[in-house]
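All residue numbers for the sequence shown refer to UniProt numbering, where the first residue is 1 and numbers rise by one. Below is one structure, written out as structure tokens; comments come after it.
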Amino acid sequence: MEKHALTFQKLGIDPTEWDVIYADTQSGYTFKTPIEGVLLLRSAGVLTPNILEKQLQFINNYVIQVQTKILNFKTILILDVADLYNKSSLDLIRKNLKRINTDLIFLIPGSLFKKLYVKYYRLKQHKELHAIFEHYADAVEFARNIKKKSAQNPFSTGKFIECWSHDQQKTKINGVKYRFLELPAWQYQNETQKLSATVRCYESGILHFRIHGRMNALDIQTLQQRVFDIGNTLGIDFVKHPFSIVFDLRNVQTISPDGRKLLRHMEEHQQKIAETVIVLGNRFIRFLLQIRKSHQPVKYSHWHTASTLDKAFKKIENIKFEKTKNKETEVLQEEPAEDYKTLKSQYLKTLAEHKRQKNKEKQTNKNIRKILAYIHTGDFLRLPFHPRYSDYSIEGEIYNSIALLHKDLQNANLQNGNTKTHNLTLSRSNVEKIVDSISDPTMIYQDNKILAANHHFADLLGYQSHELNGQPIGAIINPFEVNRIVRQLDEIHTRNEIYCDLQDAMGIAHSVTMISELVMIDGLQAQFVFIKPLAKHTKKSTPQHNQPVMPVQNSQFNSEYINKALAGIIAFHHAMLKHINNQVLNEYNAPDKHDSYQGLQSLLWVSFFLKNAFDQAATIDFSENKNRMIFPGDLVKNLFTLFSDYLSLSKGHVRLDVREDHSMQKLALPLDAFLIKAILVRLLHLVADNTKGNHLLFGYRQRSDEKIEFFIHENGPALNLVQTDVQKGQTLTGFSFAEIDQLMKKAGSNLYLETSDTEKNQITLVFPIYDRGTGYEGSMMDLANHKILILGPENEFELISKLLEDTEIKLIPTNNIFESQKLLKREKISLMMIDIQNKKIDISELIKKAKEIAPDIPIVYIAESESTTQSRHSKLKDLETYLTKPIDGERLKSTIKKALS
1 MEKHALTFQK LGIDPTEWDV IYADTQSGYT FKTPIEGVLL LRSAGVLTPN ILEKQLQFIN
61 NYVIQVQTKI LNFKTILILD VADLYNKSSL DLIRKNLKRI NTDLIFLIPG SLFKKLYVKY
121 YRLKQHKELH AIFEHYADAV EFARNIKKKS AQNPFSTGKF IECWSHDQQK TKINGVKYRF
181 LELPAWQYQN ETQKLSATVR CYESGILHFR IHGRMNALDI QTLQQRVFDI GNTLGIDFVK
241 HPFSIVFDLR NVQTISPDGR KLLRHMEEHQ QKIAETVIVL GNRFIRFLLQ IRKSHQPVKY
301 SHWHTASTLD KAFKKIENIK FEKTKNKETE VLQEEPAEDY KTLKSQYLKT LAEHKRQKNK
361 EKQTNKNIRK ILAYIHTGDF LRLPFHPRYS DYSIEGEIYN SIALLHKDLQ NANLQNGNTK
421 THNLTLSRSN VEKIVDSISD PTMIYQDNKI LAANHHFADL LGYQSHELNG QPIGAIINPF
481 EVNRIVRQLD EIHTRNEIYC DLQDAMGIAH SVTMISELVM IDGLQAQFVF IKPLAKHTKK
541 STPQHNQPVM PVQNSQFNSE YINKALAGII AFHHAMLKHI NNQVLNEYNA PDKHDSYQGL
601 QSLLWVSFFL KNAFDQAATI DFSENKNRMI FPGDLVKNLF TLFSDYLSLS KGHVRLDVRE
661 DHSMQKLALP LDAFLIKAIL VRLLHLVADN TKGNHLLFGY RQRSDEKIEF FIHENGPALN
721 LVQTDVQKGQ TLTGFSFAEI DQLMKKAGSN LYLETSDTEK NQITLVFPIY DRGTGYEGSM
781 MDLANHKILI LGPENEFELI SKLLEDTEIK LIPTNNIFES QKLLKREKIS LMMIDIQNKK
841 IDISELIKKA KEIAPDIPIV YIAESESTTQ SRHSKLKDLE TYLTKPIDGE RLKSTIKKAL
901 S
């Protein structure tokens, strides 16, 4: 085993219980990890369903363990079945290969498997074996080559992951989750707004262009330029690291004649940029491309077509895998049958078995639908659950898992004697605490019972809260009214307002109005019933057993109670969060006991906890009986995105003013994620505990072209946000000043703690600004105040104008020496850009005249290539600043900045 292999011990798996040789010596298997992410399974003797289930359980458990340790890590299973010697064992493997979750499956077959199954399995099965090898050493060597190539993927590290950590966008294609970037700087829309293009970059090295509208030549050239923009943004050299492009032309209406000519030229020379190109289009587009590919197979060898994005990704993965293969690891040829009759017989048997498998899958899906319908009938705990299906079937696994859950819930529901204090469908939240935090008499109703009641409702009827929990609704309502009340409570979708008399502990009747609302708690429905006592002179409608339910007309009346219910839920979540944060903060206050990994995990858990608390706060839209989201207030917008959820929960304690100078979405913050979260948790903890409603200002401002500040300061009474011991040098996070200064300087950031008479106590976090390219809204050396004189062809001027349109810089085109002299005298030109291959003007004469008028004017030379620049160096002086084609936005802006500085 190699030194750095992901062994079972490193993954927390005990390998001894999986190396099994049974006592009867007729069967056995063993697992090994020869290299990282490669699992070897050797089986011998007779394979039974029970043994196979254990093997599958271990393989899938290994995949989960590896993927939680390392992101985007390929796993490979080498399946050695050479020592299996009966047909039923091979049948089991063949039928269950779909359940293996590894990325690749290699097979080392014995003579029996190779003779009977290989050919027909590969022809008929949907999920193919990826490779078949004669010897174990060949399979391991091939796996090692694949792992080396995947380890060299530049997208899995560096700027891609740094940018992705802000939005964390994922999408599922062919059942696999891919991380992708869709930065605003990469998107494109032409001036006429007749064409728009959405550009995505996937972690697997695939660029996806979704194009809508009418294309012309300039659009095509600009879109090709986006490839270089992506490479520069991510710091990846696409020449050294091959990538793939998917052009989605399904929504392209027409292409101009010039654009069509340029597109043909690009098709023939695209292999210099991309390794594989997939075109998504209608049948006509795909047909035309296939015709060109048949006429020029060499130039179009890397071009392919597909009808959907899923098929395009699958084709790219297959091409990558096929290129990895070499002649030594080609798939083995199947041994032919002895005669035609035997071959035909084997084929018909395989075909019949394939049909049986299809029918079985249909029946399985039908059974699963029956199970789910059975569960969703509403009386989950009352339905009997008995094993009906085989443990080895899909429906059996689902049904039996639900049966176990059903049993656990029934056992838990019988706690505290015969009183059911909690309805188990709401077991994820502490229902009693949520109801008790509501300021009006309230109960939660379900299945003709009072699930939980707050002390306001209990005091109204002269009970203790725990005495009402679990009681039938008839215990507090006149027996003659029970049926009507239950019927009206069950018809919650009508937004009903119910008038009735409640009997207290002394038998005295209280006239009340009950308002019923459905609210989601942790994704589960709870029926809140708010009680509003009626005055004695209020006239109550006469109870009628068949009285129809009257819908409430006053929607504002109901929304008031909805907000009260949500306020109770949020108060409960806030208390839970504060308890969790107190535990987390103890780690920061004791640096010697601090575990950075555990702290980071706790903070991430808190963040998800809050997000779910708000996402799942929903009520029923009674008009169409659909779910709609209700929030007690809008979340703080354009505020520090890492902790906006936490801030929103503190709004009840602290009034926040958000003041901003620039959009936060365009900034890249390199500060270590764990450190920034630790600081903000500590800040917010101090704010919530000490302010008690004071007015705080939390915002950010840009002080210079390179720096941005986040600040919190207080406009009310004196507030001591930071308690520091000058002698010990301790800061708010528990780290020493020296430690936190070192950490922040390493990240290119600073932390300032200030106290002054004007701003009182202030905490300032200063971060460097990183230019994100096109679409950046901050200052860029105030380029809008500059004018650039461009001498070159018209299409070059159009391209430069497009790349600099976000800077608002003024560009002036010309192709005449005398006109350029007039412009230099009349206009305040800051920079000249000259195409040194422009044959219409004398470059040397132009520069001489320009230097006479403006001796200090900087000049940027545009050349076809670096060699062209060197050849002209002897003729042109001051050739320090130049730009080579093709021109991309990032290099253009940096070159202009360099020349102006």
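Glycine is no exception: its CB is placed at the ideal position from the N, C-alpha and C atoms. Keep in mind it's a predicted model, so treat the numbers as computed, not measured.
Check residue 855 in the structure and name its three-state DSSP category. coil
Sequence-distant residues of the same chain with beta carbon closer than 7 Å to residue 830, five excluded per side: 786, 787, 788, 900
Tell me whether residue 308 is buried or exposed, calling it buried when 16 or more other Cβ atoms sit within 10 Å of its Cβ. Counting Cβ neighbours within 10 Å, residue 308 comes out exposed, since fewer than 16 surround it.
Mind checking who residue 163 pairs with in its DSSP beta bridge? The partner list for residue 163 (beta bridge, DSSP) is empty, contrary to what the question assumes.
In this structure, does DSSP put residue 534 in helix, strand or coil? coil
Do the stretch 186-204 and the stretch 810-822 touch if we need at least three Cβ pairs shorter than 8 Å? no
Specify the secondary structure class of residue 474 as computed by DSSP and reduced to three states. helix
Using C-beta distances below 6 Å, list every residue in its chain close to residue 78, excluding the 5 sequence neighbours before and after it, in chain order. 40, 106, 139
Which residues bound the beta strand (DSSP E) around residue 213? 206-215
Buried or exposed for residue 216, going by 16 or more other Cβ atoms inside 10 Å? So residue 216 counts as buried.
Member of 854, 806, 61 whose CA lies at the smallest distance from the CA of residue 827: A check of alpha carbon separations from residue 827 across 854, 806, 61 identifies 854 as the nearest.
Can you give me the C-alpha to C-alpha distance between residue 237 and residue 231, rounded to a whole angstrom? Taking the straight line joining both Cα atoms gives about 6 Å.
Give me the DSSP bridge partner(s) of residue 444. 452, 528
Exposed or buried, residue 298, counting other C-beta atoms within 10 Å across all chains shown (16 or more means buried)? exposed
Element boundaries [beta strand (DSSP E), containing residue 304]: 303-306
Suppose the cutoff is 6 Å on Cβ atoms and the five residues either side in sequence are ignored; what does the same chain contact list for residue 844 look like? Excluding sequence neighbours, residue 844 sits near nothing in its chain.
Which one of 449, 173, 852, 55 has the shortest CA to CA distance from residue 80? 55
Quick check on residue 793: does DSSP put it in helix, strand or coil? coil
Are the stretch 170-179 and the stretch 207-214 touching, with three or more C-beta to C-beta distances below 8 Å? Segments in contact, no.
Consult DSSP for residue 189 and reduce its assignment to one of helix, strand or coil. strand
Is DSSP giving residue 412 helix, strand or coil here? Low confidence applies to residue 412: its pLDDT is 41, below 50, so where it sits in the model is not reliable, and the reading given next is rough at best. Helix.
Starting from the C-beta of residue 512, find all residues in its chain whose C-beta is less than 7 Å away, skip the five residues before and the five after it, and write them out in chain order. 500, 502, 531, 532, 533, 534
Could you please give me the residues that DSSP links to residue 510 through a beta bridge? 502
List the endpoints of the continuous beta strand (DSSP E) containing residue 39. 38-45
If you follow the beta strand (DSSP E) that residue 180 is in, where does it begin and where does it stop? 176-181
If you measure between the beta carbons of residue 452 and residue 432, is that distance less than 7 Å? yes
Between which two residues does the alpha helix (DSSP H) harbouring residue 482 extend? 482-490
Do you know how far the Cα of residue 100 is from the Cα of residue 220? 43 Å
Among 839, 832, 840, whose alpha-carbon lies nearest the alpha-carbon of residue 847? When 839, 832, 840 are compared, the shortest CA-CA separation from residue 847 is found for 832.
According to DSSP, simplified to helix, strand and coil, what is residue 894? helix
Taking only the alpha-carbon atoms, compute the straight-line gap between residue 226 and residue 363 and give it to the nearest angstrom. Going by the C-alpha atoms only, they are around 50 Å apart.
Taking only the alpha-carbon atoms, compute the straight-line gap between residue 883 and residue 282 and give it to the nearest angstrom. When only Cα atoms are considered, residue 883 and residue 282 end up about 40 Å apart.
To which residues of the same chain is residue 498 closer than 6 Å at the C-beta, ignoring the five residues directly before and after it? The beta carbon of residue 498 sits closer than 6 Å to those of 488, 514, all from its chain and outside the five residues before and after it, given in chain order.
Residues near residue 864 by beta carbon distance below 8 Å, same chain, minus five either side: 837, 884, 885
Residue 51, DSSP secondary structure in three states: helix
Rounded to whole angstroms, what's the CA-CA distance from residue 747 to residue 446? Just pull it up for me. Per-residue confidence for residue 747 stands at a pLDDT of 44, beneath the threshold of 50, marking its modelled position as unreliable; the derived number appears in the next sentence. Between residue 747 and residue 446, the C-alpha separation is close to 54 Å.
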